[in-house]
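Protein chains in written order, with our numbering: chain A, 1 to 401; chain B, 402 to 802.
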């Protein structure tokens, strides 16, 4: 029986093996500290819950227009005005089933078989797989601390070719938490647009930035109305299981996006859309700010603790809820390290391998989606674990690109 | 700027034009009777609403495993046992964001660029477009009353070729409401599997059958464990806006489906999954049976009324909530007829053009997702409308296939 070629190219996540192993340990009565998962530990904000309850109670949970509830599209347009001072017509905003739906819609619109998409390595592993869904070719560009683990024009110029459809960038990024410098972002947009390509800017961690206030990471929309901007209610807004995201489309793609969305989604979940409307109230934004400050405290605590133990953090994570740490002082193979760490200490983390192929054996991703007290316990266990191990034969960090 | 080739091939729905026109009329104060929409008019069943409220109140709406909540997969397995006497391991059941997600997952697993999928014409218009999403080629097979508007082995044999990946079939079907004979279904499964292809059986209207009881339409699972069976909580279970469906995968596709679902969906909406668990209670099934009987009453009323006016119904609709009626006695162009009908009488229906290209100008699809009183008013207006029009020059119905 035939199966599509693309399926061979879609890689599984190593972290799923970790999760399965962690669950097996939990069934044996072991207490596992979960630092492998990219999901906020906070519940859905109360006002959002209440909006959902009020709506669902009436039972009228019907389809919405494919592009989403007009009120929600307007509310998102107002969000851009409020936080970025940018005017985005609501007609350009498409509500999707999660940011996953947004990536599907965007790449489905742009990518032909064999078309290439440049991606930073390390990066969110689904990007490559979404590219494979449409039979495109991910072009993984090694990045390191010299560019804060971001793409820039120099790196992109080295790989750009006639088969390039465009690039996917993320800021704050997963797994590093790095935020792209505004001028680097502008440079990338200018370069790609000059070469008739598209930029998909994944901004799902916007708002979760740990400077004085949130929303200082630049949006691609500030520099260009030709970018496709992906966002989500999952991370900053704390609504993972509600499966709701959006894409800001350039004008020229609206009509095609309408047709594609009608067919592949019908519409995003209606109750989630109505609930999400409550996200933008002052009271809810205060709650989200409180959470942001907690994340910041955790990040500081975790970074300090990891460095004290001997991990190297090569670019300070400025956003999202991850620390990408170099463990090469302790192991030449971070995937093995992860399995040993889990088996011996009950700490689950994600190995570098899940985020790319370049030097991935050096790295681990720690999520700080758990309270400081648990992070403290985790750090203690990790410290005892590495002290029991012989130090690794040092790995030399060659020039990456 | 480049846009993917597939986008040119994805057709818009004519019914969207009708909807926009209908809304414009409503803004002018006209009362529109909506017979164009494929969405039950009933609210979400009360027990499902209550289950959702209880779950959402706690605010813990987190991701589920990609294949879905284990309890829901088990409940669906029990549903197959109960209604069909078939044992399906829960591991083969994938919970998806609507049946749309199920079609995306299934065709993404199977279809390579240039691969062909045979489809009945008329049929659900998204099938062709889903095939185009993966750069496949829909092979539209004209069907008519001689096969109750279904594919059968003779029709399929005529078009089968080396590029065929498989077929998508639906029973009860949209737009005709036709149910496939069990032996025809078995024949198709045998033929396609013998030729190393896949059968995707869309069973989203299962349960909405208007014999003595529901669930007499045969499921493809009865004859083969190699079929991919798509289903949904939208139609029989009355949960459209909740965006929840499922696919029963053959054993050999489970591993690939896991990888693809992890990437393209993360997971289906969690609150919808928990709510859907309440669908299978006795009390809810009684409510759904009450609704089924109302649909049956409406169907009988509408069919009788349309035939009295002079529409021909070439295959009695046995399920779903549509009547596909031949309007060639009144018009040589059903799309024009639809626009005139809406403008003059405020009745919105879907033209044949939305369901295929073969003789589509003869047909209209009427939905009976509204109470008998409104159907009666609609029929009166339609009767007055056709009486004002000159009869059309008769169209000869040539041999279709």
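All C-beta atoms, glycine included, are put in the ideal place defined by N, C-alpha and C.
Residue i - DSSP class collapsed to helix/strand/coil
{"i": "residue 800 of chain B", "result": "Note on residue 800 of chain B: pLDDT 45, under 50, position unreliable in the model; the coordinate value appears next. Residue state, collapsed to three classes: coil."}
{"i": "residue 565 of chain B", "result": "strand"}
{"i": "residue 542 of chain B", "result": "strand"}
{"i": "residue 720 of chain B", "result": "strand"}
{"i": "residue 329 of chain A", "result": "coil"}
{"i": "residue 324 of chain A", "result": "strand"}
{"i": "residue 303 of chain A", "result": "helix"}
{"i": "residue 200 of chain A", "result": "strand"}
{"i": "residue 386 of chain A", "result": "helix"}
{"i": "residue 412 of chain B", "result": "coil"}
{"i": "residue 692 of chain B", "result": "helix"}
{"i": "residue 349 of chain A", "result": "coil"}
{"i": "residue 2 of chain A", "result": "coil"}
{"i": "residue 124 of chain A", "result": "coil"}
{"i": "residue 173 of chain A", "result": "coil"}
{"i": "residue 118 of chain A", "result": "strand"}
{"i": "residue 366 of chain A", "result": "strand"}
{"i": "residue 335 of chain A", "result": "helix"}
{"i": "residue 18 of chain A", "result": "helix"}
{"i": "residue 713 of chain B", "result": "strand"}
{"i": "residue 792 of chain B", "result": "coil"}
{"i": "residue 760 of chain B", "result": "coil"}
{"i": "residue 514 of chain B", "result": "coil"}
{"i": "residue 530 of chain B", "result": "helix"}
{"i": "residue 670 of chain B", "result": "coil"}
{"i": "residue 591 of chain B", "result": "helix"}
{"i": "residue 371 of chain A", "result": "coil"}
Neighbour list for residue i in chain A, Cβ cutoff strictly below 8 Å
{"i": "residue 414 of chain B", "result": "262"}
{"i": "residue 464 of chain B", "result": "39, 240, 241"}
{"i": "residue 692 of chain B", "result": "Under the 8 Å cutoff, chain A gives no residues; its nearest Cβ is about 13 Å from residue 692 of chain B."}
{"i": "residue 531 of chain B", "result": "263, 264"}
{"i": "residue 450 of chain B", "result": "56, 57, 59"}
Pair within 9 Å by beta-carbon distance, residue i and residue j
{"i": "residue 227 of chain A", "j": "residue 205 of chain A", "result": "no"}
{"i": "residue 462 of chain B", "j": "residue 239 of chain A", "result": "yes"}
{"i": "residue 568 of chain B", "j": "residue 538 of chain B", "result": "no"}
{"i": "residue 18 of chain A", "j": "residue 342 of chain A", "result": "yes"}
{"i": "residue 616 of chain B", "j": "residue 759 of chain B", "result": "no"}
{"i": "residue 355 of chain A", "j": "residue 123 of chain A", "result": "yes"}
{"i": "residue 232 of chain A", "j": "residue 346 of chain A", "result": "no"}
{"i": "residue 710 of chain B", "j": "residue 765 of chain B", "result": "no"}
{"i": "residue 680 of chain B", "j": "residue 738 of chain B", "result": "no"}
{"i": "residue 188 of chain A", "j": "residue 152 of chain A", "result": "yes"}
{"i": "residue 477 of chain B", "j": "residue 643 of chain B", "result": "no"}
{"i": "residue 655 of chain B", "j": "residue 492 of chain B", "result": "yes"}
{"i": "residue 259 of chain A", "j": "residue 408 of chain B", "result": "yes"}
{"i": "residue 156 of chain A", "j": "residue 198 of chain A", "result": "no"}
{"i": "residue 10 of chain A", "j": "residue 108 of chain A", "result": "no"}
{"i": "residue 345 of chain B", "j": "residue 770 of chain B", "result": "It is not possible to answer for residue 345 of chain B, since the shown part of chain B is limited to 402 through 802."}
Residue i: contacting residues in chain B (beta-carbon distance under 7 Å)
{"i": "residue 100 of chain A", "result": "665, 666, 667"}
{"i": "residue 53 of chain A", "result": "454, 457, 458"}
{"i": "residue 256 of chain A", "result": "404, 408"}
{"i": "residue 104 of chain A", "result": "665"}
{"i": "residue 272 of chain A", "result": "670"}
Interface partners of residue i on chain A, CB under 9 Å
{"i": "residue 536 of chain B", "result": "112, 113, 134, 135"}
Beta-carbon neighbours of residue i, restricted to chain B and to distances below 9 Å
{"i": "residue 196 of chain A", "result": "402, 403"}
{"i": "residue 367 of chain A", "result": "Near residue 367 of chain A there are no residues of chain B at all, since even the closest Cβ is about 13 Å away, more than 9 Å."}
Cross-chain neighbours of residue i in chain B, by beta carbon under 8 Å
{"i": "residue 109 of chain A", "result": "404, 405, 408"}
{"i": "residue 286 of chain A", "result": "Within 8 Å Cβ-Cβ: nothing; residue 286 of chain A doesn't reach chain B, min ~17 Å."}
Interface residues of chain A facing residue i [CB-CB closer than 7 Å]
{"i": "residue 678 of chain B", "result": "What residue 678 of chain B touches in chain A: nothing, since even the nearest Cβ is about 15 Å away."}
{"i": "residue 461 of chain B", "result": "43"}
{"i": "residue 497 of chain B", "result": "Those do not exist, as residue 497 of chain B stays about 10 Å from chain A at its closest Cβ, beyond 7 Å."}
Checklist line | At least three beta-carbon pairs within less than 8 Å, the region 444-462 of chain B to the region 52-63 of chain A | finding: yes
Next item on the list: Scan the region 423-497 of chain B and note each continuous alpha helix (DSSP H) run of 4 residues or more that stays entirely inside, going in chain order.
Entry: 447-458, 471-485
Margin query: Can you confirm whether the region 156-176 of chain A touches the region 320-327 of chain A when touching is taken to mean that 3 or more C-beta pairs between the two stretches lie within less than 8 Å?
Written below: yes
Checklist line | Secondary structure, alpha helix (DSSP H): runs of 4+ residues fully inside the region 606-666 of chain B | finding: 655-665
Notebook entry, point to check: Is it true that the region 127-141 of chain A meets the region 366-375 of chain A, where meeting means three or more beta-carbon pairs spaced less than 8 Å apart?
Noted result: no
Note to self: With three or more beta-carbon pairs closer than 8 Å as the criterion, would you say the region 207-224 of chain A touches the region 288-305 of chain A?
What the structure shows: yes
Notebook entry, point to check: Do the region 263-279 of chain A and the region 65-76 of chain A meet, that is, are 3 or more Cβ pairs less than 8 Å apart?
Noted result: yes
Next item on the list: Report yes or no: do the region 539-548 of chain B and the region 513-530 of chain B share at least 3 C-beta pairs separated by less than 8 Å?
Entry: yes
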